[in-house]
Every structure is written in C-alpha cells, then in structure tokens.
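I have placed the structure first, in the form of structure tokens, so that the comments after it can refer back to it.
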Amino acid sequence: MSCNACATTFNAAEFGPITLNHLPPFAQHLREAANQVWEEGYQQPFIRELGNGTLAREKFAFYLLQDYRYLNDYAKVHALALTKTQDPEIMRFMANVQNAIFNVESAMHREYMASYGISAEEMNSVRQSAFARAYTSNILSIAYGNPLVDVLVAVLPCAWVYADYGQRLAAEFADTLETNPYKSWVDMYKTEEFWSSSAWLIEHIERLAAGLSEERKAELTDIFVTGVEHEYMFWASAYDMQYSWKPQWDTPRV
-10 MSCNACATTF NAAEFGPITL NHLPPFAQHL REAANQVWEE GYQQPFIREL
40 GNGTLAREKF AFYLLQDYRY LNDYAKVHAL ALTKTQDPEI MRFMANVQNA
90 IFNVESAMHR EYMASYGISA EEMNSVRQSA FARAYTSNIL SIAYGNPLVD
140 VLVAVLPCAW VYADYGQRLA AEFADTLETN PYKSWVDMYK TEEFWSSSAW
190 LIEHIERLAA GLSEERKAEL TDIFVTGVEH EYMFWASAYD MQYSWKPQWD
240 TPRV
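Just so you know, we're using the working numbering here: the sequence shown kicks off at -10 and counts up by one.
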C-alpha cells in the first residue's frame, strides 16, 4: 500500500473514532505491513493455550517474569519520549503510561507471581532472555537517538497487539473464559480503556507522519514491523522457556 494517501493533514474530528476496524491511512498501512507476523502471532501456541486456559503455569510464569523486566524498560522509553516534546498533552500521556505500568500492570504481575511462590526479589533479579533484551535494546536505542514520532511508532506494537489479541481472545473463548486461570490477563487487555492508549498513539503518529517523505514513512514502517516481530518472539521464547538464542546455550551464568 502506498503512503501517498497519508500526505494530507490528519483531522481526527473529521475521521471519527479510531477503532480496531476503523484506522486512519498510515495506521492501516502499518497494520497491513505487519499482517503476516501479526496473524501468525495470534495463532502461536502460547496465545492459543492461554486463550483456552491450558497454558502450562511454568510457561506463563516465565513470560510474566520476562514481561516484568520488559515493562521497566518500556517505562524508561516513555520517560525519554517525554523529554522530546513541549506538548503538555503528550507529556501527560507519557507520564500516565508510566503510572499505569508501575501501579496497574506490575500489580497484576506481582499477584500472579505471589500465587506461584515467586518473591519480589526473584522478580527483580530474573535474568533477561536474549529475545527480551533484543526488544528492549531496540526501543531504548530509538528513544535515546530518534525523533518523537519514531518513539511513538516503536511503542505502538506492544499497545496495539495486546489490545487486538485481548479483544479477540475474549470473543473467541467467551464460553470458557470464566473458568480460565488466565482470565484476569485477558480481562486487562480486552477493554476499551486499554485500547484507548493505542488509539491515542495512532492519532498522534498520524498527525506527525502526515508531512513526512516516503523514505521516512518507510523507516517508520520498518520500526513498527520489527516491533511486531519482537512481540512474536517474546511469546515464542516464553513458550519454549528459552533464555538464549539456542536452547543448548541456556546454562546458568555466574
């Protein structure tokens, strides 16, 4: 899909509400560019088994520990983004995301971990997997060195993929969700409140990208698709409980 249609100024009021099925032009382009890995991600074993409630507890625990580490870096990316703008609205959004990470999502992680007998000390000292490190190193690098629009695009896959998968899982497994041990996970990400963060990012990316060249839009597309690929690998490595690029390298490091 060409991005020429994105060249005009984006008017959110005229476009109407941004939903999973009603996306402005550049966001639609990003979604289509990432479609293969996006859809393969929804069909991978971790997500399927989480949706039907059969995912092994130890695999979910591995994921939660890695996600806990990831969220700390995700918060840092938003803190860096805050320094790249004088717009109070954008600054408030970045501060609110950090607040949600530390007071909402992390609370869910701690609750799950406590039920698994995992202490706060263990959570804070867990070894980061190679796949999680690749993901966070990439978005931190973008946050340190790139313009604001690049940072917004870099954090969008996490927000958008989780919102999409959460809503789809809630609909697909509606008949069994009440007895699913991972119901609270689905409940968190299926809400319109959670989607609102993605919609906010999409709206602001649309405005910032409107006057950019095709070359710059291609760079942003690459950042976005890479982020969706990292989301896929994050779950895939959690399912395999894999710390290193090769399973045979997964020996303890001292």
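Think of the CB as a built atom: it goes at the ideal place given N, C-alpha and C, for glycine as much as any other residue.
Beta-carbon separation of residue 158 and residue 194 under 8 Å?
-> no
What is the C-beta distance between residue 130 and residue 226, in whole angstroms, given that I count them as a contact (C-beta under 8 Å)?
-> No, residue 130 and residue 226 are not in contact; Cβ-Cβ is about 20 Å, not under 8 Å.
Is residue 67 near residue 93, with beta carbons less than 8 Å apart?
-> no
So residue 61 is in the alpha helix (DSSP H); what residue range does that whole segment cover?
-> 46 to 71
Beta-bridge partners of residue 11, as assigned by DSSP = 8
Can you give, in chain order, each stretch of the alpha helix (DSSP H) that sits fully within the segment 91 to 121 and has at least 4 residues?
-> 95 to 104 and 109 to 114
Express the C-alpha separation of residue 217 and residue 30 in angstroms, rounding to a whole number.
-> 9 Å
Nearest neighbour of residue 209, chosen from 6, 9, 3 and 23 [CA to CA] | 23
Going by C-alpha distance, which of 36, 21 and 7 is nearest residue 161?
-> 36
Quick one: complete alpha helix (DSSP H) runs, 4+ long, within the segment 197 to 241?
-> 203 to 228
Terminal residues of the continuous alpha helix (DSSP H) containing residue 34?
-> 34 to 41
Rounded C-alpha distance that separates residue 207 from residue 62 = 26 Å
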